[in-house]
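A quick write-up on the structure given underneath.
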Amino acid sequence: MTAPETPPDAVRVLVVEDDPVAADAHALYVGRVPGFTAVGTAHTVAEARRILDRVPVDLLLLDLYLPDGHGLGLARSLRAAGHRVDVIAVTSARDLTVVRESVALGVVQYVLKPFAFPTLRDRLLRYARFRTAAGEAGGQEDVDRALAALRAPQPAALPKGLSPATLERVAGVLRAAPEGITAAAAAAAAGTSRITARRYLEHLVETDRAVRAPRYGQVGRPELHYRWVSGPDGRP
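Take the sequence shown: its position 24, counting from 1, is numbered 684 in my numbering, and each next residue is one higher.
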């Protein structure tokens, strides 16, 4: 995919993602954020290099696991060649060693799959604020303020009565059920009561990490099914 026209002053983003459906979805996400435009998509390291050689790019939205190499290998070679493109890693890799290596290579943001549009929008807007910081710092405060633009806010405290451990357990059950799951089935899988499971499922819905919809059976009232918002790549 190649964008037909780039608005002036827009941040030009190249989406590097091996799944074509996910790549197109990520590019659509980028286009929905004011001040950003997707100038193309690449599905391999080689394709990304070819596009970078002929198209001005400000920011890579970079998957780390690509068919012909690791995304960090691409980032490393770009840095060695003096390429100034910035990088936001978009990946399912949860290894903190990979996170540390990403930071060492100058990756400005690290977005874990699965994600919903608001998460990517937040990271892109934070990057835009960091990118537009200009002038000379008057002191440490100004430097800290510029760097703080990249940092996501601390997660909000859980509602009273909810625990992080149980939330992670219920979320794991939900992620493992791509077709959706009822509160009763989630309770059985997570080892909680149905009422408890439903509280956590509703919290995931309220925080945009899950959706719920009624399903109609042959008899009786419809039953609520909950489904993890898996993001455009469809991976749990």
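All C-beta atoms in this analysis are idealised placements derived from N, C-alpha and C, irrespective of residue type, glycine included.
Just list the residues that DSSP pairs residue i with in beta bridges.
i      : result
Pro874 : Leu884
Asp679 : Answer is none; Asp679 lacks a bridge partner.
Tyr770 : Ala749
Tyr725 : His730
Ala698 : Val673
Ile841 : Tyr886
Leu719 : Val673, Asp746
Counting only the same chain and skipping the five closest in sequence on each side, list residues whose C-beta sits under 6 Å from that of residue i.
i      : result
Leu719 : Val671, Val673, Asp746
Thr701 : Met661, Val675, Ala683, Ala687
Gly894 : Unreliable positioning characterises Gly894 in this predicted model, as indicated by a pLDDT of 36, which lies under 50. The coordinate reading is nonetheless provided below. If we look at Gly894 and ignore the five residues flanking it on each side, it has no Cβ neighbours.
Tyr689 : Phe777, Leu780
Leu756 : none
Ala735 : Val747, Leu765
Leaving out the 5 sequence neighbours to the left and right, which residues in its chain are closer than 7 Å to residue i when beta-carbon positions are compared?
i      : result
Arg739 : Leu765, Gly766
Pro727 : Asp678, Thr704
Pro716 : Arg672
Thr770 : At residue 770 the sequence reads Tyr, which differs from the Thr that was named. Ala749, Val759, Ser762.
Pro680 : His703
Gly729 : Val705
Gly695 : Ala670, Val671, Ala788
Could you work out which residue in the options is closest to residue i when comparing CA atoms only?
i      : options                        : result
Thr826 : Thr697, Ile841, Ala847         : Ala847
Arg692 : Val865, Leu818, Leu785, His885 : Leu785
Thr842 : Asp868, Val758, Arg714, Tyr886 : Tyr886
Pro882 : Asp723, Pro874, Arg781         : Pro874
Leu818 : Leu712, Ile711, Leu722, Thr867 : Thr867
Lys820 : His863, Leu724, Arg710         : His863
Pro774 : Val768, His743, Val750, Arg709 : Val750
Arg754 : Ile748, Leu772, Glu707, Pro680 : Leu772
Ile855 : Arg714, Val830, Val699, Ile711 : Val830
Asp713 : Phe696, His743, Arg736         : His743
Val871 : Pro838, Ser853, Thr852         : Pro838
Val865 : Ala708, Gly840, Ile711         : Gly840
Please look up how many angstroms separate the CB atoms of residue i and residue j, rounded, as I've assumed it's under 8 Å.
i      : j      : result
Arg869 : Val889 : 6 Å
Leu732 : Leu724 : 6 Å
Val833 : Ala844 : Actually they do not touch by this definition, with Cβ atoms about 12 Å apart.
Leu822 : Tyr876 : So it is not a contact: roughly 30 Å between Cβ atoms.
Is residue i near the ligand SAM, in the sense that its beta carbon is under 7 Å from a heavy atom of that ligand?
i      : result
Leu822 : Summarising the ligand content, the structure contains no ligands, and the ligand SAM is consequently not present.
Considering only residues of the same chain and omitting the five flanking positions on each side of residue i, which have a CB-CB separation below 8 Å?
i      : result
Val768 : Asp746, Val747, Ile748, Tyr787, Phe790, Leu810
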